[in-house]
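Asks: Supplied in structure tokens, the structure appears directly below.
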Amino acid sequence: MLLTLATLHDTPLGKRVVPHVLLKDPESKISLFIVSVAARTPKMINIAGVVSIVLFYILILGVGIWAGRKKEKGNDSEEEVMLAGRNIGLFVGIFTMTGEFYGQQGLDGVAGTSMGRRRRSTHQGWCGGLFFANKMRQQGYVTMLDPLQDSFGERMGGLLFLPALCGEVFWAAGILAALGATLSVIIDMDHRTSVILSSCIAVFYTLFGGLYSVAYTDVIQLFCIFIGLWMCIPFAMLNEKVGSLAPEDVDWVGHVNTSEIAYYIDYGLLLVFGGIPWQVYFQRVLSSKTAGRAQVLSYVAAAGCILMAIPPVLIGAIAKATHWNETDYKGPYPLTVDQTSMILPMVLQHLTPDFVSFFGLGAVSAAVMSSADSSVLSASSMFARNVYKLIFRQRASEMEVIWVMRVAILIVGVLSTVMALTIPSIYGLCDGAHHSFHLRSLVSGVLSTVMALTIPSIYGL
18 MLLTLATLHD TPLGKRVVPH VLLKDPESKI SLFIVSVAAR TPKMINIAGV
68 VSIVLFYILI LGVGIWAGRK KEKGNDSEEE VMLAGRNIGL FVGIFTMTGE
118 FYGQQGLDGV AGTSMGRRRR STHQGWCGGL FFANKMRQQG YVTMLDPLQD
168 SFGERMGGLL FLPALCGEVF WAAGILAALG ATLSVIIDMD HRTSVILSSC
218 IAVFYTLFGG LYSVAYTDVI QLFCIFIGLW MCIPFAMLNE KVGSLAPEDV
268 DWVGHVNTSE IAYYIDYGLL LVFGGIPWQV YFQRVLSSKT AGRAQVLSYV
318 AAAGCILMAI PPVLIGAIAK ATHWNETDYK GPYPLTVDQT SMILPMVLQH
368 LTPDFVSFFG LGAVSAAVMS SADSSVLSAS SMFARNVYKL IFRQRASEME
418 VIWVMRVAIL IVGVLSTVMA LTIPSIYGLC DGAHHSFHLR SLVSGVLSTV
468 MALTIPSIYG L
């Protein structure tokens with residue numbers, strides 16, 4: 018049997034073993050064939066990781082179905098399904114409001130802030146509580162479009178549903194795509210499978226229980242995010258590939274050029290005021306038992322976002338101090354700005370043991386589902402009430418409106434899923450979750466301007 022040297026070469030079909038010498042011995046040919054096939058075989062899916070994700074999804078689905086049973090039997094009114102009968106308690110309200118503010122952008126965005134020039138604002142919580150929460154709840158509105166229709170007419174107010182719908186669909190699609198990318202990086206789970214599975218589960222329990230299911234699953238999801246990330250931090254921080262985190266070794270503050278000051282101010286105002294006119298926020302406000310409690314939820318949720326930002330900030334700091342060229346990471350080094358959107362999965366994959374990274378995956382999945390279900394429900398609620406009922410079918414019964422909302426939940430869920438599966442073709446429109454957040458904020462700029470015009474009517478001026 019001849020001694021033959023072979024090397025790995027990149028081909029359009031992947032890596033192949035190419036021999037330097039032709040082998041005449043049949044035994045050697047068989048051996049080389051086995052080596053070649055092994056080199057071309059993709060990495061096997063991580064079964065343990067898939068099992069952990071499936072168990073997490075079963076937990077969320079079970080909680081969503083259980084919460085849906087809290088609805089009053091025989092009471093399928095708009096307020097009962099869309100606003101949980103305006104009976105959300107303080108504890109659940111704080112968690113669901115915090116989850117709405119936080120979401121997937123809170124994980125990837127805050128972690129990326131320590132690495133690059135990403136920004137995050139939690140000021141919309143206290144701004145919304147100060148100017149809108151109390152009065153909107155006192156007026157007894159069902160959606161945020163109600164005061165707009167009161168001021169500009171039913172048709173003109175209903176037309177504003179379109180930018181709201183675009184923002185919700187783009188946002189849900191962006192975060193679903195981010196989840197698919199994360200799972201494919203860490204456990205080699207197929208991108209399409211993870212997106213479709215996550216979307217189906219979120220749509221199913223939202224369809225079943227309305228805001229009850231969304232709010233109560235937010236509680237579980239927020240716990241999963243907080244615990245999952247804190248479990249990962251000690252292992253990542255103590256990894257030998259991570260350098261010193263001392264201020265004298267790393268520039269944590271950075272600097273802002275004089276020419277960029279106006280840009281930062283403009284961007285900050287966009288994040289603050291662009292984060293207010295979203296139905297996912299007002300759905301929580303309007304579901305509160307009292308107007309005063311609606312304000313409290315907004316203020317506490319803003320503080321909760323700051324608390325929840327601590328783990329992602331630490332993960333971003335760890336990533337910045339990591340010598341990535343000494344790990345198994347094969348991407349560009351030093352890291353580019355685009356790589357900061359994948360900081361969280363990179364830390365989970367390269368700096369923590371497998372069993373720990375699975376808890377982190379649960380945190381990522383929880384954040385995605387917490388945002389996706391809220392977006393689907395809010396867009397469907399506005400369509401059923403402000404478009405279908407107030408424009409086309411003023412005499413529609415409440416049961417008819419609820420069924421229209423359920424059909425809309427399916428349609429919005431499908432639209433978001435399809436867009437998430439085709440996200441590479443729309444990167445110029447919303448490049449993953451971060452850019453979809455930017456688009457969401459830009460769309461909300463239109464709604465912010467219009468809503469500002471409704472302040473006199475809200476305050477009775």
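Just so we're aligned: the sequence shown equals residues 18 to 478 in my numbering. C-beta atoms are modelled at their ideal positions from N, C-alpha and C, and glycine is treated no differently. No experiment lies behind these values; they were computed from the predicted model shown.
1) How do the stretch 265-282 and the stretch 70-89 stand: do at least 3 beta-carbon pairs fall below 8 Å, yes or no?
2) Quick one: is ILE51 buried, meaning 16 or more other Cβ sit within 10 Å of its Cβ, or exposed?
3) For a quick check, are the C-beta atoms of ILE482 and ILE360 less than 9 Å apart?
4) Tell me which same chain residues have a C-beta within less than 8 Å of the C-beta of MET386, skipping the five on either side of it?
5) May I ask you to verify whether the stretch 305-317 touches the stretch 144-153, counting CB pairs closer than 8 Å and requiring at least 3?
6) Is it buried or exposed, PRO328, if we count other Cβ atoms within 10 angstroms and call 16 or more buried?
7) Can you grab the Cα-Cα spacing for the pair GLU343 / VAL418, in whole Å?
8) Per DSSP, VAL259 is paired with what?
9) In whole angstroms, give me the CA-to-CA distance for VAL421 and ALA401.
10) Taking the alpha-carbon positions, what's the VAL186 to GLU265 distance?
11) Tell me the DSSP secondary structure of ILE105 in three-state form.
12) Just verifying my parser: in three-state terms, what is the DSSP assignment at SER391?
13) Pull up the distance between the alpha-carbon of ILE204 and that of ILE64, whole angstroms please.
14) Can at least three beta-carbon pairs, one atom from the stretch 98-106 and one from the stretch 222-233, be found at a separation below 8 Å?
15) Applying the criterion that 16 or more other CB atoms from any shown protein chain within 10 Å of the CB defines a buried residue, is ARG154 buried or exposed?
16) According to DSSP, simplified to helix, strand and coil, what is SER305?
17) Among the residues of its own chain, which have a CB less than 7 Å from the CB of ILE213, if the five just before and after it don't count?
18) From the DSSP output, in three-state form, read off SER48 for me.
19) By the 10 Å Cβ neighbour count, where 16 or more other Cβ atoms means buried, how is ALA198 classified, buried or exposed?
20) Could you spell out the range, first to last residue, of the alpha helix (DSSP H) harbouring SER69?
21) When you compare each of HIS340, PHE73, ALA195 and ALA413 to PHE240 by their alpha carbons, which one comes out closest?
22) Nearest CA to the CA of MET99: which residue from SER398, VAL431, LYS347 and LYS88?
23) Pairing CB atoms from the stretch 369-376 with CB atoms from the stretch 151-166, are three or more of them under 8 Å?
24) Compute the Euclidean distance between the alpha carbons of GLU96 and TYR158, then round it to the nearest angstrom.
25) Just tell me which of ARG410, ALA190 and MET436 has its CA closest to the CA of ARG172.
26) For GLN411, does the three-state DSSP call read helix, strand or coil?
27) With burial defined as no fewer than 16 other Cβ atoms inside 10 Å of the residue's Cβ, what is the status of SER305: buried or exposed?
28) Mind checking which residues open and close the alpha helix (DSSP H) that includes PHE148?
29) Let me know the secondary structure DSSP gives PRO370 once reduced to three states.
30) Go through its chain and collect everything with a Cβ distance to SER201's Cβ below 6 Å, but skip five positions before and after it.
31) To the nearest angstrom, report how far apart ILE7 and VAL317 are at their CA atoms.
32) Does DSSP put VAL159 in a helix, a strand or coil?
33) Figure out for me which residue from CYS183, VAL381, GLN300 and LEU324 has the closest Cα to the Cα of VAL429.
34) Suppose you measure from the CA of ILE426 to the CA of ILE282; what does that come to, to the nearest Å?
35) Exposed or buried, what is ILE250 when buried is set at 16 or more other beta-carbons lying within 10 Å of its beta-carbon?
36) Helix, strand or coil, according to DSSP, for LEU331 in the structure here?
Replies: Let's see:
1) Because the criterion of three Cβ pairs below 8 Å is not met, the stretch 265-282 and the stretch 70-89 do not touch.
2) With a pLDDT of only 36 at ILE51, under 50, the local geometry of the prediction cannot be trusted, and the value read off the model is given with reservation. When all chains shown are included, ILE51 counts as exposed.
3) This structure does not reach residue 482, given that the chain is present from 18 up to 478, and the question cannot be answered.
4) ILE77, SER215, ILE218, ALA219, THR234 and GLN238
5) yes
6) buried
7) 58 Å
8) THR339
9) Rounded to whole angstroms, VAL421 to ALA401 spans 6 Å at the Cα level.
10) Rounded to the nearest whole angstrom, the C-alpha separation of VAL186 and GLU265 is 44 Å.
11) strand
12) SER391: helix per DSSP, three-state reduction.
13) 8 Å
14) Result yes; three or more Cβ-Cβ pairs closer than 8 Å.
15) Around the Cβ of ARG154, a 10 Å sphere holds 16 or more other Cβ atoms; the residue is buried.
16) strand
17) Once the five neighbours on either side are set aside, the close Cβ partners of ILE213 are THR434.
18) Reliability fails at SER48, whose pLDDT of 40 lies under 50, so the model's placement of it is uncertain and the value that follows must be treated cautiously. Residue state, collapsed to three classes: helix.
19) buried
20) 64-85
21) PHE73
22) SER398
23) As far as the Cβ criterion goes, the stretch 369-376 does not touch the stretch 151-166, which means the pair count is below three.
24) Answer to the nearest angstrom: the Cα atoms are 10 Å apart.
25) ARG410
26) coil
27) Buried is the call here.
28) Taken as a continuous stretch (DSSP letters only), PHE148 belongs to no alpha helix (DSSP H), as it is neither H nor E.
29) PRO370 falls in the coil class under three-state DSSP.
30) HIS208
31) Coverage of the chain is limited to positions 18 through 478, which leaves residue 7 absent and any answer about it impossible.
32) In the three-state reduction of the DSSP assignment, VAL159 falls in the coil class, being assigned neither a helical nor a strand state.
33) CYS183
34) 37 Å
35) buried
36) helix
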